[in-house]
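Here the structure is laid out as structure tokens; the discussion comes afterwards.
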Ligand code: FES
Ligand code: FES
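Residue numbers (our numbering), protein chains in the order written: chain A, 87 to 863; chain B, 2 to 165.
Take a look at the structure:
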């Protein structure tokens with residue numbers, strides 16, 4: 087087993103150099119487990135070789151105090167560009183009252199850190215900052231240290247103060263003891279306490295502060311080691327040759343087409359997985375291009391122009407009734423006005439800045455994989471299944487990749503590297519080509535969304551009916567489904583089967599996918615958990631099989647659903663000649679959501695009046711403003727966003743000139759980090775709604791580079807950005823990485839309507855679509 | 002046949018296929034971490050290095066064209082302990098999420114502003130028409146660029162520096 091430099095450093099600090107450790111380990115050198123590391127060093131280790139979650143109950147799994155007093159912490163939630171490494175370091179420093187630089191965080195390594203599943207779904211902050219896991223472990227350690235100091239110094243705990251790793255008597259500061267003296271280099275041997283007290287937000291000195299991103303100086307100077315920079319001695323380079331479409335089967339491959347090429351090492355074929363290994367990266371790219379492989383075509387792709395219509399009628403279908411008051415049709419029949427609209431959202435891609443990359447070393451019956459995966463432990467299981475090895479013999483080390491936003495090629499490329507390395511018995515690095523990354527990632531879901539809203543004579547919404555269709559195939563592989571991503575599938579594993587299901591009445595209202603609008607009461611099983619007031623409500627979601635692999639692209643389903651809900655709310659307000667902010671507030675019952683709407687509107691200097699803006703001409707450049715809001719996943723973060731746009735009615739071009747966000751995610755761990763996420767989320771949402779769409783013809787995906795998939799470049803006119811953060815310290819922390827992106831599309835669409843009177847119901851809002859909508863006014 | 006390159010002031014001799022794009026030589030043979038593979042197609046900027054004051058895209062530049070040339074990469078500008086002013090500007094503005102695009106943005110901005118220290122916002126924007134950041138850190142990237150421009154004595158903060 088190899089250790090990362092960070093792990094080596096941590097061992098060294100605890101008083102064990104890797105050399106002395108290995109010497110002590112003797113014959114165990116090959117087969118030692120991280121448990122042995124823990125035994126010998128007092129350093130924590132994860133449940134290597136097991137998925138035993140009891141390990142996470144042990145304080146030593148989370149934290150260790152070194153002989154030099156430095157703190158090593160272990161987390162299963164990793165840095166993806168969202169700042170998680172920095173805020174978790176802040177968290178540990180805060181709870182343990184040590185300076186930030188004394189905390190060394192080790193993230194996502196199956197030999198060292200606890201199994202926390204996947205870093206995803208805006209769950210990292212709730213998971214590690216509320217009363218569980220890392221936060222609670224740090225609080226337990228603090229209480230334990232105070233207890234030990236009280237005994238040692240003969241001073242009651244209440245008479246002790248903590249300062250940067252030193253505990254002293256408040257009365258006689260000379261009476262002091264350091265953490266290192268108390269427990270340095272040894273284990274705590276304690277369970278994580280559920281009752282250990284967290285530091286109250288009112289006393290925070292490190293958390294809650296705009297601490298700069300750890301590692302940024304290294305990134306800005308080209309010193310930072312991304313997974314792309316991992317070099318292992320003797321490493322070879324691989325590339326893959328993918329089939330044209332899902333369902334195509336390998337008919338033949340001609341090794342002679344590549345065997346004479348310079349640096350060629352091996353052709354690797356496993357069912358429909360085809361790859362080449364060469365000495366050098368450029369040679370591997372040349373070989374993959376030169377390889378003659380023939381494929382028996384799979385089923386033809388549906389014509390892109392018919393996608394949405396087909397989704398509506400496609401069978402089999404998996405149906406979910408999110409909420410159903412049973413009276414929607416009746417209420418709509420009696421309503422003074424009923425508005426109907428259909429919204430369309432395309433497949434989109436993660437399209438990471440760097441294509442996915444991994445390095446694997448499969449030799450001597452062991453596998454080590456350096457991977458940018460968001461799921462170290464699940465990837466370990468997947469690799470073990472793929473290679474036919476015991477889970478214990480696979481070691482996955484997370485190394486940061488390019489921002490991923492969900493499920494890009496990180497998992498699949500880790501499988502690629504493992505398969506290629508196993509075939510040659512030497513370490514192999516593979517970084518996908520831009521085309522392989524884009525054509526074969528797990529795309530974000532396309533959606534069709536029908537809305538029907540009934541309003542009474544007094545201008546109040548009385549019924550909301552929403553029905554949606556979206557395609558799915560594969561997803562995160564989890565611990566046991568390598569076929570959920572392309573390489574596992576090509577190598578012979580099946581994706582999760584598509585099980586048809588008829589809808590049954592819900593027993594509880596869950597809005598995790600934001601399938602229901604914020605304005606419904608969300609009543610099921612005797613309680614009402616929605617954020618709104620509309621009691622006649624129905625939300626029916628259909629999932630059908632997708633011709634492409636799909637996955638949880640940032641704010642999966644939540645974004646698409648919210649685009650339709652928040653646009654529809656705007657349509658209703660406009661029809662009733664009501665101000666969009668006031669009309670929203672009138673139908674919201676959740677005070678936290680109402681508060682962010684008010685905060686954003688206030689900060690934006692919201693011009694309260696109905697849309698469209700009176701007096702705008704029908705040609706030339708016009709301006710408008712729009713708003714949208716969301717209670718993310720029902721209760722995992724509250725955001726509102728005001729967009730101000732400029733629309734050139736002659737060209738159909740939309741320019742967002744200003745964004746103002748209001749956000750409440752509970753107590754804020756790092757305000758600057760949160761602003762960074764809000765800004766990035768709004769602009770990513772803007773790029774997605776203005777230009778991004780996966781395209782294909784009958785045979786293949788045709789959006790395969792940055793000319794055919796349109797990402798807004800850095801050189802756009804960047805909107806002015808303001809955000810109003812409501813820092814609530816009396817509630818649990820929520821996620822913050824997916825809130826604002828969820829509402830960007832509707833805020834922009836609503837602003838375009840305000841400016842022009844034209845409603846955009848199909849994303850992306852390309853100039854052609856805008857011109858068509860303007861012509862239809 | 003070995004090729005001579007001068008990278009960040011140091012001479013190197015590499016024995017590679019002369020049609021190999023410079024990027025692979027820098028990141029694989031010379032183990033440099035600054036230049037990155039983003040697309041390999043000249044479309045994103047991730048692989049940018051500076052040669053004779055110009056930003057060039059090393060993913061589409063055969064190494065043979067660089068024989069004898071002086072190449073500067075991101076690590077050639079400064080170090081974490083002593084960052085170059087443009088690197089410091091990105092640190093000061095906290096202008097990164099995953100940071101994978103910083104090579105593209107810093108190297109493009111440096112080459113452009115060093116040649117056009119009084120460039121307007123509009124001119125800067127056109128220099129970035131083919132540079133991507135998929136985390137969409139655009140607001141901060143532009144603030145950092147503006148900060149560096151001010152250090153060069155360029156025009157005062159324009160529209161892109163407002164807000165927050
Ligand atoms: S990697 Fe060279 S421009 Fe994209
Ligand atoms: S910060 Fe991630 S690509 Fe720019």
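Every residue, glycine too, gets a C-beta built ideally from N, C-alpha and C. All values reported here derive from a predicted model rather than from experimental measurement.
{"query": "Cβ atoms of residue 531/A and residue 461/A: under 8 Å apart, would you say?", "result": "no"}
{"query": "Determine the chain A residues that contact residue 11/B at a beta-carbon separation under 8 Å, and present them in chain order.", "result": "Going along chain A, no residue has its Cβ under 8 Å from residue 11/B, so there is no contact; the nearest lies around 15 Å."}
{"query": "Since residue 368/A is in the beta strand (DSSP E), which residue starts that stretch and which ends it?", "result": "From DSSP, residue 368/A is part of no beta strand (DSSP E) but of the alpha helix (DSSP H) over 367 to 376."}
{"query": "Write down the C-beta distance between residue 601/A and residue 554/A rounded to the nearest angstrom, noting that I regard them as a contact closer than 8 Å.", "result": "7 Å"}
{"query": "Can you give me the Cβ contacts of residue 45/B inside the same chain, cut-off strictly under 6 Å, excluding the 5 residues immediately before and after it?", "result": "39 and 133"}
{"query": "Compute every distance between the C-beta of residue 47/B and the non-hydrogen atoms of ligand 1, then say whether any falls below 7 Å.", "result": "yes"}
{"query": "Any heavy atom of ligand 2 inside 7 Å of the beta-carbon of residue 98/B?", "result": "yes"}
{"query": "Keeping to the same chain, check which residues put their C-beta closer than 7 Å to that of residue 96/A; ignore five residues upstream and five downstream.", "result": "Here the model assigns residue 96/A a pLDDT of 48, short of 50, so the residue's position is not dependable and the matter cannot be decided."}
{"query": "Quick check on residue 99/B - is its C-beta less than 8 Å from some C-beta in chain A?", "result": "yes"}
{"query": "Please determine whether the Cβ atom of residue 38/B lies at a distance below 7 Å from any heavy atom of ligand 1.", "result": "yes"}
{"query": "Give the DSSP-derived three-state secondary structure of residue 144/A in the structure shown.", "result": "strand"}
{"query": "Under a three-way DSSP split, which group does residue 734/A fall into?", "result": "strand"}
{"query": "Report the residue ranges of all beta strand (DSSP E) runs contained in full by the stretch 532 to 594 of chain A; include only those spanning at least 3 residues, in chain order.", "result": "533 to 541 and 547 to 558"}
{"query": "State yes or no: is the C-beta of residue 759/A within less than 8 Å of the C-beta of residue 291/A?", "result": "no"}
{"query": "Got a sec: is the Cβ-Cβ distance from residue 18/B to anything in chain A below 8 Å?", "result": "yes"}
{"query": "I'd like the list of long-range same chain contacts for residue 93/B, defined as Cβ closer than 8 Å, with 5 residues on each side in sequence excluded.", "result": "145 and 148"}
{"query": "Should residue 307/A be labelled buried (16 or more other beta-carbon atoms within 10 Å of its own) or exposed?", "result": "buried"}
{"query": "Determine the direct distance from the alpha carbon of residue 371/A to that of residue 358/A, and round the result to whole angstroms.", "result": "19 Å"}
{"query": "In chain B, which residues lie less than 8 Å from residue 456/A when you measure between Cβ atoms?", "result": "The contacting residues do not exist; residue 456/A stays about 14 Å from chain B at best."}
{"query": "Are residue 837/A and residue 712/A close, meaning C-beta to C-beta below 8 Å?", "result": "yes"}
{"query": "Using three-state DSSP, classify residue 22/B as helix, strand or coil.", "result": "strand"}
{"query": "For residue 160/A, which of helix, strand or coil comes out of DSSP?", "result": "strand"}
{"query": "Work out the CA separation of residue 66/B and residue 826/A for me, nearest whole Å.", "result": "46 Å"}
{"query": "When burial is assigned at 16 or more other CB atoms within 10 Å of the CB, is residue 62/B buried or exposed?", "result": "buried"}
{"query": "Measuring alpha carbon to alpha carbon, tell me which of 321/A, 805/A, 813/A and 315/A ends up nearest residue 750/A.", "result": "813/A"}
{"query": "DSSP on residue 352/A, reduced to helix/strand/coil?", "result": "strand"}
{"query": "Among the residues of its own chain, which have a CB less than 7 Å from the CB of residue 84/B, if the five just before and after it don't count?", "result": "92"}
{"query": "Can at least three beta-carbon pairs, one atom from the stretch 537 to 552 of chain A and one from the stretch 662 to 675 of chain A, be found at a separation below 8 Å?", "result": "yes"}
{"query": "For residue 613/A, does the count of other Cβ atoms within 10 angstroms reach 16, so buried, or fall short, so exposed?", "result": "exposed"}
{"query": "Nearest chain B C-beta to residue 69/A closer than 8 Å, yes or no?", "result": "This structure gives no information on residue 69/A, because the portion of chain A shown stretches from 87 to 863."}
{"query": "Tell me the rounded alpha-carbon separation between residue 381/A and residue 339/A.", "result": "9 Å"}
{"query": "CB-CB under 6 Å to residue 835/A, same chain, minus the five flanking residues each way: which ones, in chain order?", "result": "653 and 846"}
{"query": "Could you pull the DSSP bridge partners for residue 713/A from this structure?", "result": "728/A"}
{"query": "For residue 146/A versus residue 222/A, is the C-beta spacing smaller than 8 Å?", "result": "no"}
{"query": "Below 8 Å between beta carbons: does that hold for residue 507/A and residue 465/A?", "result": "no"}
{"query": "Check each residue of the stretch 305 to 324 of chain A: if its Cβ is closer than 8 Å to any Cβ of chain B, include it; give the result in chain order.", "result": "305, 306, 307, 308, 309, 310, 311, 312, 314, 315, 317 and 323"}
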